[in-house]
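The structure appears right after this line, and notes come after that.
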C-alpha cells in the first residue's frame with residue numbers, strides 16, 4: 001500500500017489516482033531531462 005502522507009481521505013484518494021496516469025514514453029522523458037539540465 002502506498003503511503004500518501006495525508007490523513008484526509010479525500011486527499012488520499014486524489015493522491016492514489018496519480019498512479020492511474022499514463023506513463024511517459026522515452027522521447028518525452030528525454031525532452032524533460034533536457035529541459036531540466038539545460
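Residue numbers (full-length UniProt numbering): 1 to 38. Glycine included, each C-beta is placed from N, C-alpha and C at the ideal position.
Backbone CA spacing between residue i and residue j [nearest angstrom]
i: residue 17; j: residue 7; result: 16 angstroms
i: residue 5; j: residue 34; result: 30 angstroms
i: residue 9; j: residue 21; result: 20 angstroms
i: residue 26; j: residue 32; result: 10 angstroms
Reduced DSSP secondary structure (H/G/I, E/B, other) of residue i
i: residue 28; result: helix
i: residue 19; result: helix
i: residue 3; result: coil
Nearest neighbour of residue i, chosen from the options [CA to CA]
i: residue 14; options: 24, 3 and 23; result: 3
Heavy atom of the ligand COA within 7 angstroms of residue i beta-carbon
i: residue 30; result: By its list of ligands, the structure shown contains no ligand whatsoever, and the ligand COA lies outside what it can speak to.
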